[in-house]
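Chemist:
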Amino acid sequence: MEITKEHIYSTDNASLHQCDESEIYELSFSGDTVYFRACELITFKRKIQKIDLATLLSSETPDIEIIHMPHCDRLFALTTHNILELKDLFAGAFTMLELNSVIHKQLIRKVI
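For the sequence shown, our numbering gives the first residue as -13, with consecutive numbering after it.
#1: Quick check: the Cα distance between Q35 and E26, rounded to an integer number of angstroms?
#2: Which whole-angstrom value describes the C-beta separation of E46 and I37, a residue pair presumed to lie in contact below a C-beta threshold of 8 Å?
#3: For S14, tell me which candidate among T81, S(-4), A24 has the shortest Cα-Cα distance.
#4: Tell me the DSSP bridge mates of V88?
#5: Could you tell me the distance, in whole angstroms, from the CA atom of N68 to the CA atom of Q92?
#6: Would you identify the three-state DSSP class for C25, choosing helix, strand or coil?
#7: Of all the options I94, G78, T66, D(-2), which has the alpha carbon lying nearest to the alpha carbon of D44?
#8: If you draw a straight line from the alpha carbon of S16 to that of I94, how long is it in whole angstroms?
#9: With a floor of 4 residues, list each alpha helix (DSSP H) that falls wholly inside the segment -3 to 69, ordered by position along the chain.
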């Protein structure tokens, strides 16, 4: 049996897919793939959104942000470019998910 993944959104170097059967989100980014449950994806999105790029760029340390996600055994070492790419990906992906939810509610309402 083949598991079908629905494409949610893509940027030049990242994409997000959803599997309704397993309720898992697949993030492909910079040649790597990470799997998230919905709550983990939201947590990761919030961590990315909280990164203050102005502070990161103005500091005298390297422009890298380290993020750890408890559900996986890896650290994310993100450059400024990576952070911008992920912010773009999440903005588009969550807009698409919200739009899908609105459409689904309207279809259910029309059927009932």
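In this text, a Cβ means the ideal position worked out from N, Cα and C, and glycines have one as well.
Owing to the predicted nature of the structure, the values given are computational and were not obtained by experimental measurement.
Modeler: In terms of the structure at hand:
#1: Linking Q35 to E26 through their CA atoms gives a straight-line distance of about 14 Å.
#2: Under the criterion of beta carbons closer than 8 Å, E46 and I37 do not qualify as touching, at roughly 17 Å.
#3: Selected option, being the one with the closest Cα: S(-4).
#4: Listed as beta-bridge partners of V88 by DSSP are no residues whatsoever.
#5: If you take the alpha carbons of N68 and Q92, they lie about 36 Å apart.
#6: C25 falls in the helix class under three-state DSSP.
#7: Here the sequence assigns Ser to residue 44, which means Asp is not the residue at that position. For the options I94, G78, T66, D(-2), the alpha carbon positioned closest to that of S44 is the one of T66.
#8: Distance between the alpha carbons of S16 and I94 is about 38 Å.
#9: Listed in chain order, the complete alpha helix (DSSP H) runs (minimum 4 residues) inside the segment -3 to 69 are 24 to 35, 39 to 44.
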